[in-house]
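Chains as they are written, first to last, in my numbering: chain L, 1 to 236; chain Y, 237 to 571.
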């Protein structure tokens, strides 16, 4: 990973009025739910949206604008570029999630059913894992489509999957239903950390699913970028 | 020592949506060798394959066949990229940053010493003549000339020993052109290998040791422009129509004046002269010999002629022009 790329992308995202507005709107719509229900869960489970907002266009915009050429003329490998894009967006989305969780925790801490500090930490960890998971998914789509085409791919594939799921349910196609459920789970990819406070053994299967899904998404992005040619001279 | 070796490189692009329109051949068996420390210009008409060649040399594009070695390594080897400076034709720089931030960013990407970052950035901005008040301005607000200066500053960061410049002088004001010439000549003197892709033939002629003319994806001619500076210009002299002149006498007069007769077809004679002083000497000699001179004018530059002949005759010039014929290299840093 490349430190300069990570810090610069974080600065870029924090200086984008549109992204900041989207983050604030999402945050403001979640806060009342958390405060009135005295639960932090809705915020932690929305971390993936923060990941989507921050990671959207992370690679595609560089490709479409042509700025990727100048980056790759530097001693930065393509895999390092992809990993830096993922880490920067996951880190920022995770930090935003923890910040929002902390605000909500402070607002409901005095209530009778306030979550404990340990519950807060577990939810923060789950939120961070979801932010990095969401970022990985968007990074994969971003390597496949220029500009903000990743948003279209993300939404389009989600809708297509759900339509397929409905059809499969209707016609009782069991294997398709199972496949759709698995694929749908990657849109809310996260690590459950409840086992830490419940003194349970680690859920290795779900940890493997998380790690392998993130690795798959990043692998696709690296593969795609490695194969991509950069030129305005032809239809590269 | 060879810095860049290109051997039989071919590159094609898919045409039309999903490649349904077939393929367009952008490079067709290009072979080229560039010595370390050489400054080489690539010229040719639009769509000749110049930018594609540059893309292959930078590792942005993969040739369909053939090989490219830069200092004995693959073009996208990180060690090569550490030693490379690149100025793209399309200045799609990060618009949201200030000029200073943009250079800091590239200083970091280049892996240069962070402790000298601020000094290096200020020096680079200063050297390309970007006004201090523009340093903190967002790149999105820069004019074309300012962008070009910033892009050159970016390319020169860390004094790279390989410089790839795509239309470096495009959109630059006259003062900027002088600055660019000075900086590039300085890098050349320091031993950098420089490749310039440009349509500005006069600039290419002024800056380069050698010029490669590319057309239809092929190297049509290679012209050495530094060697043989003694006969730099061609002077066309018109004599009175109907005058009887012995070409042998013309040749002897030219030789005595330090010039050379290139051809005579009455009433026009073409002489190769070293410079303005040479032209004055020749004209003086012709007039002193009583020849009826009615007009004298310099011909277009050699590259213009090469460009023109290449436009009209494909391939014919390849062999003929590869010998080091002579066009002078004007003094670096002069207007």
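We treat Cβ as the ideally placed atom computed from N, Cα and C, and that holds for glycine.
| task | Using only alpha-carbon positions, find the residue among Y:309, Y:238 and Y:293 that is nearest to residue 237 of chain L. | result | An answer regarding residue 237 of chain L cannot be provided, because it is not within the stretch 1 to 236 covered by chain L.
| query | Going along the region 99–113 of chain L in order, which residues come within less than 8 Å of chain Y, judged by CB to CB distance? | reply | none
| For residue 527 of chain Y and residue 471 of chain Y, the rounded distance between their alpha carbons | Along the second chain, read from residue 1 onward, the residue named residue 471 of chain Y stands at position 235. Along the second chain, read from residue 1 onward, the residue named residue 527 of chain Y stands at position 291. Cα to Cα, residue 471 of chain Y sits roughly 16 Å from residue 527 of chain Y.
| Helix, strand or coil at residue 495 of chain Y according to DSSP, with G and I counted as helix | In the second chain, residue 495 of chain Y corresponds to position 259, counting from 1. The answer is coil: DSSP assigns residue 495 of chain Y none of H, G, I, E or B.
| field | Start and end residues, alpha helix (DSSP H) containing residue 196 of chain L | value | Taking the first residue of the first chain as 1, we reach residue 196 of chain L at position 196. Unbroken alpha helix (DSSP H) run through residue 196 of chain L: 194–197.
| field | residue 307 of chain Y: first and last residue of the uninterrupted beta strand (DSSP E) it sits in | value | As a working note, residue 307 of chain Y is residue 71 in the second chain. From DSSP, residue 307 of chain Y is part of no beta strand (DSSP E); its letter is neither H nor E.
| For the putative contact between residue 64 of chain L and residue 146 of chain L, defined by C-beta atoms under 8 Å, what is the C-beta separation to the nearest angstrom? | If you number the first chain from 1, residue 64 of chain L lands on position 64. If you number the first chain from 1, residue 146 of chain L lands on position 146. Rounded, the Cβ-Cβ distance is 4 Å, consistent with contact.
| Using a beta-carbon distance cut-off of less than 8 Å, what residues from the region 340–357 of chain Y approach chain L? | 341, 342, 344, 345, 346 and 347
| field | Assigned exposure category for residue 501 of chain Y - 16 Cβ within 10 Å defines buried | value | As a working mapping, residue 501 of chain Y is identified with position 265 in the second chain. Under this definition residue 501 of chain Y is an exposed residue.
| query | Alpha carbon to alpha carbon, what distance is there between residue 311 of chain Y and residue 575 of chain Y? | reply | Limits of chain Y in this structure are 237 at one end and 571 at the other, which puts residue 575 of chain Y out of reach.
| message | Distance check for residue 534 of chain Y and residue 508 of chain Y, CA to CA, integer angstroms please. | response | On the second chain, residue 508 of chain Y is found 272 positions in, with the first residue counted as 1. On the second chain, residue 534 of chain Y is found 298 positions in, with the first residue counted as 1. Each residue's alpha carbon lies about 10 Å from the other.
| Are there 16 or more other CB atoms within 10 angstroms of the CB of residue 247 of chain Y, so buried, or fewer, so exposed? | What you label residue 247 of chain Y is simply residue 11 of the second chain in a count that begins at 1. Answer is buried; the Cβ neighbour count reaches 16.
| said: By the three-class DSSP mapping on this structure, what secondary structure does residue 473 of chain Y have? | reply: Counted from its first residue, the second chain places residue 473 of chain Y at position 237. Strand, per DSSP.
| said: Can you list, in chain order, the residues of its chain with a C-beta nearer than 6 Å to that of residue 241 of chain Y? Leave out the 5 residues immediately preceding and following it. | reply: Stepping through the second chain from its first residue, residue 241 of chain Y is reached at position 5. Closer than 6 Å at Cβ, skipping near neighbours: 269 and 305.
| said: Once DSSP output is grouped into helix, strand and coil, what is the label at residue 252 of chain Y? | reply: Residue numbering aside, residue 252 of chain Y sits at position 16 when the second chain is read from its first letter. It is coil, neither helix nor strand.
| query | residue 448 of chain Y lies in the alpha helix (DSSP H); which residues open and close that run? | reply | Locating residue 448 of chain Y in the second chain gives position 212, counting from the first residue. Residue 448 of chain Y -> not in any alpha helix (DSSP H); beta strand (DSSP E) instead, spanning 446–451.
| task | Kindly say whether residue 463 of chain Y, judged by its beta-carbon, lies nearer than 8 Å to any beta-carbon of chain L. | result | Mapped onto the second chain, residue 463 of chain Y falls at position 227. Summary for residue 463 of chain Y: the model assigns pLDDT 45, below 50, so the residue's position carries little reliability, and this model does not support an answer.
| query | What residues in the region 4–15 of chain L bring their beta carbon closer than 9 Å to a beta carbon of chain Y? | reply | Those residues of the region 4–15 of chain L placed with their C-beta closer than 9 Å to a C-beta in chain Y are 4, 5, 7, 8, 11, 12 and 15, ordered along the chain.
| task | Put residue 162 of chain L into one of helix, strand or coil per three-state DSSP. | result | Along the first chain, one-based indexing puts residue 162 of chain L at 162. If DSSP states are grouped into helix, strand and coil, residue 162 of chain L belongs with the helices.
| Alpha carbon to alpha carbon, what distance is there between residue 186 of chain L and residue 119 of chain L? | Numbered from 1 along the first chain, position 119 holds the residue referred to as residue 119 of chain L. Numbered from 1 along the first chain, position 186 holds the residue referred to as residue 186 of chain L. Going by the C-alpha atoms only, they are around 24 Å apart.
| request: To the nearest angstrom, report how far apart residue 37 of chain L and residue 7 of chain L are at their CA atoms. | output: Numbered from 1 along the first chain, position 37 holds the residue referred to as residue 37 of chain L. Numbered from 1 along the first chain, position 7 holds the residue referred to as residue 7 of chain L. A direct Cα-to-Cα measurement between residue 37 of chain L and residue 7 of chain L gives close to 36 Å.
| request: Measure the C-alpha to C-alpha separation of residue 171 of chain L and residue 165 of chain L and round it to an integer number of angstroms. | output: Stepping through the first chain from its first residue, residue 171 of chain L is reached at position 171. Stepping through the first chain from its first residue, residue 165 of chain L is reached at position 165. Spanning the two alpha carbons is a distance of roughly 10 Å.
| Span separating the alpha-carbon of residue 125 of chain L from that of residue 197 of chain L | Here residue 125 of chain L refers to the residue found at position 125 of the first chain. Here residue 197 of chain L refers to the residue found at position 197 of the first chain. Each residue's alpha carbon lies about 12 Å from the other.
| Euclidean distance between Cα positions of residue 5 of chain L and residue 14 of chain L | Counting from one through the first chain, the residue named residue 5 of chain L turns up at place 5. Counting from one through the first chain, the residue named residue 14 of chain L turns up at place 14. Taken atom to atom, the span from the alpha-carbon of residue 5 of chain L to that of residue 14 of chain L is near 14 Å.
| field | Contacts around residue 407 of chain Y, its chain only, beta-carbon distance under 6 Å, and the 5 residues preceding and following it disregarded | value | Your numbering for residue 407 of chain Y matches position 171 in the second chain. Same-chain partners within the cutoff: 380, 381 and 384.
| Can residue 429 of chain Y and residue 274 of chain Y be called in contact, C-beta distance under 8 Å? | Numbered from its first residue, the second chain carries residue 429 of chain Y at position 193. Numbered from its first residue, the second chain carries residue 274 of chain Y at position 38. In contact: residue 429 of chain Y and residue 274 of chain Y (Cβ atoms closer than 8 Å).
| message | Using the three-state DSSP reduction, which class does residue 282 of chain Y fall into: helix, strand or coil? | response | Here residue 282 of chain Y refers to the residue found at position 46 when the second chain is read from its first residue. Here residue 282 of chain Y sits in coil by DSSP.
| request: With distances taken Cα to Cα, identify the nearest neighbour of residue 391 of chain Y among Y:252, Y:346, Y:373 and Y:514. | output: In the second chain, the residue the question calls residue 391 of chain Y occupies position 155. When only C-alpha atoms are compared, the closest one is Y:346.
| Does residue 79 of chain L come within less than 8 Å of chain Y when only Cβ atoms are used? | Working through the first chain from its first residue, we reach residue 79 of chain L at position 79. Output row for residue 79 of chain L: interface = no.
| request: Identify each residue in the region 52–86 of chain L for which the Cβ-Cβ distance to at least one residue of chain Y is less than 8 Å, and report them in chain order. | output: 65, 66, 67, 69, 70, 71, 72, 73, 74, 75, 76 and 77
| Neighbour list for residue 179 of chain L in chain Y, Cβ cutoff strictly below 7 Å | Here residue 179 of chain L refers to the residue found at position 179 when the first chain is read from its first residue. Think of a sphere of 7 Å around the beta carbon of residue 179 of chain L: no beta carbon from chain Y falls inside it, the nearest being about 28 Å out.
| query | Name the residues in the region 187–198 of chain L whose C-beta lies less than 8 Å from a C-beta of chain Y; which are they? | reply | none
| Around the C-beta of residue 549 of chain Y, are 16 or more other C-beta atoms found within 10 angstroms, so that it is buried, or is it exposed? | By 1-based counting over the second chain, the position of residue 549 of chain Y is 313. Below a pLDDT of 50, predicted positions are generally treated as unreliable, and residue 549 of chain Y, at 46, falls in that range; no measurement from the model is reported.
| message | Just to make sure I have the definition right: I need the residues of chain L whose C-beta is within less than 7 Å of the C-beta of residue 328 of chain Y. Which are they? | response | For the purposes of this step, residue 328 of chain Y is taken as residue 92 along the second chain, with counting starting at 1. Per Cβ cutoff of 7 Å: 65, 66 and 67.
| query | Taking the continuous beta strand (DSSP E) assigned at residue 296 of chain Y, which residues delimit it? | reply | Position 60 of the second chain, counting from 1, holds the residue named residue 296 of chain Y. Bounds of any beta strand (DSSP E) do not take in residue 296 of chain Y, whose DSSP letter is neither H nor E.
| query | When the distance is taken between beta carbons, is residue 489 of chain Y closer than 8 Å to residue 481 of chain Y? | reply | The residue given as residue 481 of chain Y occupies position 245 in the second chain. The residue given as residue 489 of chain Y occupies position 253 in the second chain. Cβ atoms of residue 481 of chain Y and residue 489 of chain Y: not closer than 8 Å.
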